[in-house]
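Going from the sequence shown to my numbering is simple: count from 1 and add 4.
We put the CB at the ideal spot given by N, CA and C, even for glycine.
These figures come from a predicted structure and were not determined experimentally.
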Amino acid sequence: MSKDTVTAVRQDGLRYQSKVGGSPFLGSGHTRSCFKCGKHRSPASLQSIRLLGRNEVVCKPNCKTLP
């Protein structure tokens with residue numbers, strides 16, 4: 005995902021970047037990331053499992069079946 009950026013030099017010599025506003029997370033903003041694949045999903049599409057001695061959330065039923 006690439007956003008358009010414009011770089012310019014101000015009068016005092018400092019460089020800054022101007023980026024397009026917005027968030028890459030669409031929808032209501034209530035997302036969590038899967039511990040295994042790292043993709044952000046809604047809490048309804050995640051399940052909690054005991055992994056490495058901690059409770060972690062992963063995709064349900066698994067990461068490969070979800071788009």
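Note the first and the last residue of the continuous beta strand (DSSP E) segment covering residue i.
i, result
"Arg-58", "58-63"
"Gln-51", "50-55"
State the Cα-Cα distance for the pair residue i and residue j, rounded to the nearest angstrom.
i, j, result
"His-44", "Arg-54", "19 Å"
"Arg-14", "Phe-39", "42 Å"
"Cys-67", "Arg-58", "19 Å"
"Leu-52", "Cys-41", "Leu is not the amino acid found at residue 52; the sequence shown has Ser there. In a straight line, the C-alpha of Ser-52 is about 14 Å away from that of Cys-41."
"Val-61", "Leu-50", "6 Å"
Taking residue i as the reference, which of the options has the closest Cα?
i, options, result
"Cys-63", "Ala-12, Thr-35, Gly-17", "Thr-35"
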